[in-house]
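Take a look at the structure below.
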Amino acid sequence: MTVDLDSPATITIVDDEPTMQDVLVRAVRSWGYPCQTADDAEQALQLLRIRPTPLVVTDLRMPGQGGVWLVRKIHENWPQVGIVVVTAGADSDAAMDCLNAGADRYFLKPLRLDEFRHALETILHTVELEQERERYRCRLEQRLHEQMRRVRRTFLSGIDSLIRTLEARHPYTKGHSLRVRHYALRLAWALDLDRRQRRHLSLIGKLHDIGKVGVPEDILNKSGPLTPSEREVIREHPVTAERILSPIIRRPEILAAIRGHHERMDGKGYPDGLRGEEIPLFSRVIAIADAFDAMTSSRAYRHAMTPLEALQLLREGAGRQFDPELVQAFLLMHPHAVLPQLQASALS
Ligand SMILES: [Fe+2]
Ligand SMILES: [Fe+2]
């Protein structure tokens, strides 16, 4: 076996017969193709693992595993490698097996060198074209991914400003999405959610109310109680959000979480009336963060509650509206000053 890792080889020549190997080596070198050699099929495979070449020329009858086995192995491991089999006339059946196993050509001994050379040139050219096509495909795919990422970023920053505009129209919700994201992420840390889950939750927190762009301003800003039909319009916002985001957000779990952020544990939520663990975990997290922020922010018809009051209402809603385990984790996140008061009120 010869392998010189410093100089590139184009052809691997496999032959157990030194004279034949020498003839082949001299011929291909004289045509300008650097080569490496192996004396049998196992050695050839080992050599190709260290340094694959675009073309292999192999004898059929060799000690150990023969040429058919080698052709099959090469085809399995490196389907793009060209294979030429050189055989004595008596082996024509085995040569057919080689073609079936993936060889490109076979030649009978004695070799007609001009024909052999032409075949090598053609096969190498084809392999080169294949490789070029593959490289082109990879480059194209990479560019497409970059483009997709850019479109996604542009879309999300557009959505970002849309949310800001939406919240600015309504003084009572200014900064709501970012605060919901903040509380949801704190809860995610407390629940030990992994980095990927926290990234998803961050996006969900920011986008959860985007569907409110479909709600007329007079309904959104109404200070008095809503009529049943106005309430219906508001209740459409999770589905509207899903519809707006589905062309650009491919992850179904993010879309499902946004759709489900107004579901309740007792099944009385909307839009699907899911109950308990049917509600996605991310929706259950957002529901708590959302409610906490809504309660601790001022509204046209009421002042903001204190965090303690809001936490008490969350605790009262645990099991009916909110996931009780998540409420528990949310309560534990709050400063020690708040917890004793909660515990005291629970005892009284
Ligand atoms: Fe909402
Ligand atoms: Fe919200």
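The opening residue of the sequence shown carries number 1305 in our numbering; numbering runs sequentially from there.
Beta carbons: idealized from backbone N, C-alpha and C, even for Gly.
Distance between beta carbons of residue j and residue i, contact taken as under 8 Å
{"i": "G1518", "j": "V1484", "result": "Wrong, their Cβ atoms sit about 19 Å apart, outside the cutoff."}
{"i": "R1563", "j": "P1532", "result": "The Cβ separation is near 22 Å, so there is no contact."}
{"i": "G1371", "j": "C1402", "result": "6 Å"}
{"i": "P1338", "j": "T1362", "result": "Rounded, the Cβ-Cβ distance is 18 Å, inconsistent with contact."}
{"i": "M1637", "j": "A1494", "result": "5 Å"}
{"i": "H1504", "j": "E1557", "result": "7 Å"}
{"i": "A1545", "j": "I1514", "result": "5 Å"}
Secondary structure of residue i, DSSP reduced to three states
{"i": "H1638", "result": "coil"}
{"i": "Y1574", "result": "coil"}
{"i": "T1316", "result": "strand"}
{"i": "L1630", "result": "helix"}
{"i": "Y1410", "result": "strand"}
{"i": "T1531", "result": "coil"}
{"i": "Q1625", "result": "coil"}
{"i": "S1652", "result": "Because the pLDDT of S1652 is 48, which lies under 50, any placement of that residue in the model is unreliable, and the number read from its coordinates should be weighed accordingly. Correct three-state label for S1652: coil."}
{"i": "T1341", "result": "strand"}
{"i": "R1603", "result": "strand"}
{"i": "T1469", "result": "helix"}
{"i": "T1290", "result": "The structure shown does not extend to residue 1290, since the chain is modelled only from 1305 through 1652, so no value can be given for it."}
{"i": "E1321", "result": "coil"}
Residue i CB to nearest heavy atom of ligand 2 below 7 Å
{"i": "V1484", "result": "yes"}
{"i": "H1474", "result": "no"}
{"i": "D1300", "result": "The requested residue 1300 is not part of the displayed model; the chain covers only 1305 to 1652."}
{"i": "D1594", "result": "yes"}
heavy atom of ligand 1 below 7 Å from residue i C-beta
{"i": "H1449", "result": "no"}
{"i": "H1480", "result": "no"}
{"i": "D1576", "result": "no"}
{"i": "H1638", "result": "no"}
{"i": "L1379", "result": "Correcting the residue type first, residue 1379 is His in the shown sequence and not Leu. Result no, Cβ not under 7 Å from ligand 1."}
{"i": "H1541", "result": "yes"}
{"i": "H1565", "result": "yes"}
Distance cut-off 7 Å: residue i Cβ against heavy atoms of ligand 3
{"i": "D1513", "result": "Absence of ligand 3 from the depicted structure is noted, with ligand 1 and ligand 2 being the only ligands included."}
| request: Let me know the alpha helix (DSSP H) ranges lying completely inside the region 1343 to 1389, each 4 residues or longer, listed in chain order. | output: Listed in chain order, the complete alpha helix (DSSP H) runs (minimum 4 residues) inside the region 1343 to 1389 are 1345 to 1354, 1371 to 1381.
| query | Quick check: the region 1350 to 1366 against the region 1311 to 1320, are there 3 or more CB pairs under 8 Å? | reply | The region 1350 to 1366 is in contact with the region 1311 to 1320.
| Should the region 1416 to 1426 be called in touch with the region 1436 to 1443, which here means at least 3 C-beta pairs below 8 Å? | The region 1416 to 1426 makes no contact with the region 1436 to 1443: fewer than 3 CB pairs, one atom from each, lie closer than 8 Å.
| Can at least three beta-carbon pairs, one atom from the region 1596 to 1608 and one from the region 1468 to 1487, be found at a separation below 8 Å? | In short, these stretches touch, since the Cβ pair count reaches three.
| message | Three or more C-beta pairs under 8 Å: does that hold for the region 1569 to 1586 against the region 1612 to 1626? | response | When C-beta atoms of the region 1569 to 1586 are compared with those of the region 1612 to 1626, three or more pairs fall below 8 Å, so the two segments count as touching.
| What are the start and end residues of each continuous alpha helix (DSSP H) run of 4 or more residues lying completely inside the region 1502 to 1532, in chain order? | The region 1502 to 1532 contains these whole alpha helix (DSSP H) runs: 1521 to 1524.
| message | With three or more beta-carbon pairs closer than 8 Å as the criterion, would you say the region 1381 to 1389 touches the region 1399 to 1419? | response | Look at the beta carbons and you see the region 1381 to 1389 touching the region 1399 to 1419: at least three pairs across the two are nearer than 8 Å.
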